[in-house]
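Numbering (the working numbering), first residue to last: 149 to 529.
Ideal placement from N, C-alpha and C gives every residue a C-beta, glycine not left out.
Keep in mind that this is a model prediction, so the values were computed, not measured.
Since the structure comes first, as structure tokens, the remarks are kept for the end.
This is the structure we're talking about:
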């Protein structure tokens, strides 16, 4: 686009950068959904891209530019990223110039690269997961040893060089390649609102965090001993469930979806059937197994959150032939939502209370010569 003057060019730039970024996302065909307290939106196709309307700004947490910095910016940069166009072309698009040239083009997925520098010392991770989340130390250390989780620093502000420690939950495929990560902040901060901690999901989101128990082997699966997949919404819920039921789990695959994504279940089944299958075939494995294969040698256990959305997810997922089991945590008193970490911490707290009461009762029974409460009261009067 040719401008007649510097003033005209500047006016076009100012108009473009001040446009409502959510409206711009909609014009690009991006389906955005509100998350958390409503201060942030995420792209349904790639949940690593988040928009903050109050700042008219977006962050694409799984993408980096040629300088290795996170892709971010305002309306102009959003058009550049989604449409793969120059700065000038993005301004022209936003100001209505030559708009017919710009039609929505689906974003080509970029392969995730695991670049985090892992900490040698993981004391913060162990302390957070055991003390704040109630997960046993043996489970945490086992996962660290197996390389399924790690500790690193995540940069939250490139300009001011700010970072904070996070737990890294790795999504690793059958070939041992890290396809994505879920990050859990260790420090509690008011700026993170109701959640209290930083949370990020990087990668394309199609591969979940997998924890294998025993030696699950599809070649040995039968209707009596099926290839069993336990499905969770978040890694911490999965680890909580494992801690609660590990004595009863045998030859099973546990997977955390980092949300509610049937495609993650598809990838787990595909990795069991043929790890070398093309990505587009893997993403349809759930439907393929359900409709075209011997489905009775599989079993899917849905251990998602006990809330409206979790139950809705199970009800809406289209599985007709694979045996399905629901194992939701019991709703805790006064709650509208309970996940498996809520249940683990509840059980741990009850165990402590019961243990204290048992020790107290035993002490009272053994120390028969001690002054009884009613006698103490009488002496005090």
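- Are residue 318 and residue 333 closer than 9 Å when you measure CB to CB? no
- Query: What is the DSSP secondary structure of residue 107, counted as helix, strand or coil?
  - Reply: In this structure the chain extends from 149 to 529, so residue 107 is not present and cannot be described.
- Task: With DSSP collapsed to three states, give me the class of residue 205.
- Result: strand
- Query: Which term fits residue 377, buried or exposed, when burial requires 16 or more other beta carbons within 10 angstroms of its beta carbon?
  - Reply: buried
- Task: Could you tell me the distance, in whole angstroms, from the CA atom of residue 441 to the CA atom of residue 417?
- Result: 12 Å
- Query: For the stretch 394–423, which segments carrying the beta strand (DSSP E) assignment without a break, of at least 3 residues, lie completely within its bounds, in sequence order?
  - Reply: 400–404
- Using three-state DSSP, classify residue 490 as helix, strand or coil. helix
- Smallest Cα separation from residue 242: which of 304, 161, 480, 499? 161
- Query: Name the DSSP beta bridge partners of residue 197, please?
  - Reply: 208
- Task: Go to residue 355, then tell me how far its beta strand (DSSP E) extends in each direction, as first and last residue.
- Result: Here residue 355 belongs to no beta strand (DSSP E), and DSSP marks it neither H nor E.
- Task: For the alpha helix (DSSP H) containing residue 164, list its first residue and its last residue.
- Result: 154–165
- C-beta contact flag for residue 210 and residue 197 at 9 Å: yes
- Item | Buried versus exposed call for residue 190 [16 or more other C-beta atoms within 10 Å across all chains shown] | buried
- Would you identify the three-state DSSP class for residue 330, choosing helix, strand or coil? strand
- Message: Here's the rule I'm using: 16 or more other beta-carbon atoms within 10 Å means buried, otherwise exposed. How should residue 159 be labelled?
- Response: exposed
- Task: May I have the straight-line CA-CA distance separating residue 296 from residue 320, to the nearest angstrom?
- Result: 8 Å
- Query: Would you report the Cα separation of residue 290 and residue 403, rounded to the nearest angstrom?
  - Reply: 17 Å
- Can you pull the DSSP bridge partners for residue 603? Lying outside 149 to 529, the shown extent of the chain, residue 603 is not represented and no answer is given.
- Query: Alpha carbon to alpha carbon, how far is residue 365 from residue 477?
  - Reply: 28 Å
- Can you tell which of 305, 269, 426, 452 has its C-alpha closest to the C-alpha of residue 315? 269
- Query: Using a Cβ-Cβ cut-off of 8 Å (strictly less than) and excluding sequence neighbours within five positions of residue 363, which residues of its own chain qualify?
  - Reply: 399
- Message: Quick check on residue 272: does DSSP put it in helix, strand or coil?
- Response: helix
- Task: For the stretch 299–323, list the beta strand (DSSP E) runs that are entirely contained and at least 3 residues long, ordered along the chain.
- Result: 310–320
- Is it buried or exposed for residue 352, if we count other Cβ within 10 angstroms and need 16 for buried? buried
- Who are the Cβ neighbours of residue 173 in its own chain at under 7 Å, not counting the five residues just before and after it? 180, 199, 226
- Going by the beta-carbon positions, is the gap between residue 223 and residue 165 smaller than 9 Å? yes
- Message: Does residue 345 come out as helix, strand or coil in the three-state DSSP assignment?
- Response: coil
- Item | the stretch 408–427 in contact with the stretch 383–395 per 3-pair CB rule at 8 Å | no
- Message: Could you compute how far the alpha carbon of residue 481 sits from the alpha carbon of residue 490?
- Response: 11 Å
- Skipping 5 residues on each side, what residues in its chain have a beta carbon closer than 8 Å to that of residue 331? 302, 314, 315, 316, 317, 346, 347, 348, 349, 350
- Item | Under the three-state DSSP convention, the category residue 168 falls into | coil
- Quick one: what does DSSP say residue 294 is sitting in, helix, strand or coil? helix
- Query: Under the rule that 16 or more other beta-carbon atoms within 10 Å means buried, what is residue 185, buried or exposed?
  - Reply: exposed
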